[in-house]
Amino acid sequence: MKNYILLLLTFLSFSGFSQVSFGARHVGKPSDLKPKALEEFKASTTIFVLSDVIDADEYAKILEETWTVTPYKIVPQNEYDLQEYYNKNYSIAELVGFKRSKTTKMGSVVHSLHTYINIGLYDAETIDEKLSKVKAKKEKKREEKINEIFRNNKKPIAKIYLFPTSDFVNTALSEEKEVIVEKMYTENVFFNYSTGFLKNYFQQTNDLIDKGETYWMYEKDYDAKKIASLTTSKLYVPTYITQRTNAFTAEISDGEDKEVEKLFSKYDYVYEFISTEDLDKAIEENKEFYYLRYARANAERFVQVVNSKTGEVIFREYITGLGYNLKAKNLGYLSDVIAKSAKKLAK
C-alpha cells in the first residue's frame with residue numbers, strides 16, 4: 010500500500026483547471042465549506058508530500074514564509090504511506106494526476122489529463138469501518154477495494170492546478186496511473202511548479218483558508234484599483250507563456266518572433282519577458298511587481314495577473330472554446346480592463 014498505490018485515485022469529473030480552488034466542491038456549482046470541516050482542517054497537521062524536483066530545504070523555506078493555517082510536516086514521497094496519515098489528526102497536501110477517456114458520438118476516443126496539488130482530509134471513521142468489512146481474498150482485488158474506500162471518503166479542501174508539459178502529456182496518456190504519479194514526483198513536468206509559483210500559490214491558498222472564503226475556479230473578475238496600476242507599471246510575462254501548442258499533435262514549441270509579436274499586439278501597456286528562474290528568484294527575494302500566470306488543461310485556459318509579493322490575484326479570466334493557445338484577443342481583453350479601470354478611477 011506504500012508510495013504510488015493510493016496517490017492517484019481521485020477520479021473526479023473535472024472539466025476545467027483553475028489555478029487555485031478552495032471550497033467544498035471543485036466542479037459543478039460553487040459550494041461553501043462547512044464551518045465544521047474548516048475547523049477540522051485547521052485543527053489538523055498538514056502533511057506535505059511534494060515533488061522531488063525541489064530541494065526539501067527550499068520547501069521548508071517556502072512553507073515557513075507562507076503557511077500559517079495549520080502546523081505542517083514535510084514528508085519525502087518515498088517515505089510516505091497514506092495509511093499512517095489518513096486519520097483525523099492529519100490533512101494531506103499531495104500531487105494527484107489522472108487521465109480520462111471519453112468516446113464521442115462519432116466513435117472516436119478523446120483523452121484528457123488532469124494534474125493538481127490536492128489539499129484535504131480523509132473521513133477516518135468511515136474508512137476504518139469499511140476497511141474492517143473488506144473480505145476479498147485475492148491481493149489485487151483487495152487493493153482495488155481499499156483504494157475505492159479511500160477515494161470515496163476524501164474531503165477536498167483546496168486544489169492547486171498544474172500545467173503539464175507536452176512531453177509529460179504524451180507520456181501520461183499512454184501510461185498507467187502509477188507511472189504518471191511517479192513522473193509527477195520525480196521529474197520536472199510542469200510549467201508552473203517551481204519555487205516562485207509555489208510560494209505565491211501557497212500564499213493565496215493559506216489566505217483563502219484563513220478567511221474561509223470560497224474561491225471558484227470558473228470565474229472572470231478583477232480588482233479595478235489594482236489592475237489600473239498597470240497603466241504605469243510593467244507587467245512581467247514568463248517566457249513559457251509564449252510557447253505554442255499544436256492542436257493536432259499536442260506538441261509545445263517556442264513561439265516564433267512574429268507569433269509572439271502578434272500575441273501581444275493588442276496589449277497597450279509595458280511588458281517584459283522573464284524566465285521562470287528569474288521569476289522564482291525575484292519572488293523569493295520578496296520583490297513586488299505584477300506578472301502574468303497562465304495554465305491550460307486540455308482546451309481550457311486560465312489567465313491571471315498576480316502580485317509577486319503577496320500571491321494575490323488581481324485579474325483572472327477563464328477561457329473556453331476551441332483552441333489550445335493564448336490569443337491576442339485575450340491580452341486585448343486584459344488591456345481593455347486596465348484602460349477601463351484607470352478611466353473609472355480617474356473620474
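The opening residue of the sequence shown carries number 10 in this note's numbering; numbering runs sequentially from there. Using N, Cα and C, we set each Cβ at its ideal position, and we do this for glycine too.
* Asked: Hey, out of 150, 189, 149, 199, whose CA is closest to residue 169's CA?
  -> In the sequence shown, residue 169 corresponds to position 160, counting from 1. Looking at the Cα atoms, 199 is the closest of the given residues.
* To do: Could you confirm whether any beta carbon from chain D is found closer than 8 Å to the beta carbon of residue 137?
  => The question asks about chain D, but that chain is absent: this structure has only one protein chain.
* **Closest by C-alpha distance to residue 316, when choosing among 300, 330, 307, 55** => Here residue 316 refers to the residue found at position 307 of the sequence shown. Ranking the options by Cα distance to residue 316, first place goes to 300.
* Under the rule that 16 or more other beta-carbon atoms within 10 Å means buried, what is residue 173, buried or exposed? -> Against the sequence shown, residue 173 aligns to sequence position 164. So residue 173 ends up on the buried side.
* Validate contact between the segment 50 to 67 and the segment 78 to 94 using beta carbons, cut 8 Å, 3 pairs -> yes
* Burial state of residue 330 (16 or more Cβ within 10 Å) -> In the sequence shown, the residue the question calls residue 330 occupies position 321. With fewer than 16 Cβ atoms within 10 Å of its Cβ, residue 330 is classed as exposed.
* DSSP-derived helix/strand/coil call for residue 10 -> Taking the sequence shown and counting its residues from 1, the one referred to as residue 10 is at position 1. Annotation note: pLDDT 32 at residue 10 (below 50); position unreliable, coordinate value reported separately. Of the three classes helix, strand and coil, the one that applies to residue 10 here is coil, per DSSP.
* **Cβ separation of residue 343 and residue 276, assumed to be a contact under 8 Å, to the nearest whole Å** => Here residue 343 corresponds to residue number 334 of the sequence shown, with the count starting at 1. Here residue 276 corresponds to residue number 267 of the sequence shown, with the count starting at 1. Yes, they are in contact, since the Cβ atoms of residue 343 and residue 276 sit about 7 Å apart, within 8 Å.
* **Counterpart residues of residue 304 in DSSP-defined beta bridges** => Here residue 304 refers to the residue found at position 295 of the sequence shown. Per DSSP, 311.
* residue 115 classed as buried or exposed, judged by whether at least 16 other C-beta atoms fall within 10 angstroms -> As a first step, residue 115 is located in the sequence shown; it is residue number 106 there, counting from the start. So residue 115 ends up on the exposed side.
* Asked: So, is residue 189 buried or exposed, given that buried needs 16 or more other C-beta atoms within 10 angstroms?
  -> To locate residue 189, count along the sequence shown from 1; it is residue 180. Label assigned to residue 189: buried.
* **Span separating the alpha-carbon of residue 283 from that of residue 291** => Start at 1 with the first residue of the sequence shown, and residue 283 comes out as number 274. Start at 1 with the first residue of the sequence shown, and residue 291 comes out as number 282. Whole-angstrom Cα-Cα distance: 10 Å.
* Asked: Taking one C-beta from the segment 320 to 340 and one from the segment 210 to 226 each time, how about it: are there three or more such pairs within less than 8 Å?
  -> yes
* Asked: What residues in its chain sit with their C-beta under 8 Å from that of residue 354, if we drop five residues either side in the sequence?
  -> Here the question's residue 354 lines up with position 345 in the sequence shown. For residue 354, where only same-chain residues beyond five positions count, the Cβ hits under 8 Å are 233, 234, 237.
* Thinking just about the alpha-carbon of each residue, which of 203, 46, 186 is nearest to the one in residue 123? -> Mapped onto the sequence shown, residue 123 falls at position 114. Residue 186 is the option with its Cα nearest to residue 123.
* DSSP beta-bridge partners for residue 110? -> If you number the sequence shown from 1, residue 110 lands on position 101. DSSP, once it has assigned bridges, lists 120 as partnering residue 110.
* Run of the beta strand (DSSP E) containing residue 188, from where it starts to where it stops -> Taking the first residue of the sequence shown as position 1, residue 188 is located at position 179. Looking at the DSSP string, residue 188 is not in any beta strand (DSSP E); the run it does join, the alpha helix (DSSP H), is 186 to 195.
* Run through the segment 130 to 196 for me and flag every whole beta strand (DSSP E) of 3 or more residues, listed as ranges in chain order. => Annotation: the segment 130 to 196 contains the following complete segments of the beta strand (DSSP E) (minimum length 3 residues), in chain order: 163 to 170.
* Asked: Which value, in whole angstroms, describes the spacing of the CA atoms of residue 149 and residue 133?
  -> Along the sequence shown, read from residue 1 onward, the residue named residue 149 stands at position 140. Along the sequence shown, read from residue 1 onward, the residue named residue 133 stands at position 124. Going by the C-alpha atoms only, they are around 23 Å apart.
* Quick one: what's got a C-beta closer than 7 Å to residue 313's C-beta in the same chain, skipping five residues either side? -> Taking the sequence shown and counting its residues from 1, the one referred to as residue 313 is at position 304. Correct list, in chain order: 28, 302, 322, 324, 325.
* Asked: Hey, how far is the Cα of residue 350 from the Cα of residue 341?
  -> Looking up residue 350 in the sequence shown gives position 341. Looking up residue 341 in the sequence shown gives position 332. Whole-angstrom Cα-Cα distance: 14 Å.
* Taking the CB atoms as reference points, tell me whether residue 131 and residue 162 lie closer together than 8 Å. => Residue 131 sits at position 122 when you count from the first residue of the sequence shown. Residue 162 sits at position 153 when you count from the first residue of the sequence shown. Yes, the pair counts as a contact, with Cβ atoms nearer than the cut-off.
* To do: Determine contact between the segment 140 to 160 and the segment 67 to 75, defined as no fewer than three beta-carbon pairs at a distance below 8 Å.
  => Result no; under three Cβ-Cβ pairs closer than 8 Å.
* residue 83, enclosing beta strand (DSSP E) - first and last residue -> In the sequence shown, residue 83 corresponds to position 74, counting from 1. Per DSSP, residue 83 belongs to the beta strand (DSSP E) from 81 to 83.
* State the Cα-Cα distance for the pair residue 311 and residue 76, rounded to the nearest angstrom. => As a working mapping, residue 311 is identified with position 302 in the sequence shown. As a working mapping, residue 76 is identified with position 67 in the sequence shown. Distance between the alpha carbons of residue 311 and residue 76 is about 25 Å.
* Asked: By Cβ distance below 6 Å, which residues in the same chain neighbour residue 111 in space, the five residues on each side in sequence not counted?
  -> Mapped onto the sequence shown, residue 111 falls at position 102. Cβ neighbours of residue 111 beyond the five flanking positions: 119.
* To do: Could you check how far apart the C-beta atoms of residue 231 and residue 346 are, in whole angstroms? I think they sit under 8 Å.
  => Along the sequence shown, one-based indexing puts residue 231 at 222. Along the sequence shown, one-based indexing puts residue 346 at 337. Right, the Cβ-Cβ distance comes to about 6 Å (below 8 Å), so this counts as a contact.
* Rounded distance between the beta-carbons of residue 337 and residue 244, thought under 8 Å -> Indexing the sequence shown from 1 puts residue 244 at position 235. Indexing the sequence shown from 1 puts residue 337 at position 328. The pair is not a contact, with the Cβ atoms about 15 Å apart (cut-off 8 Å).
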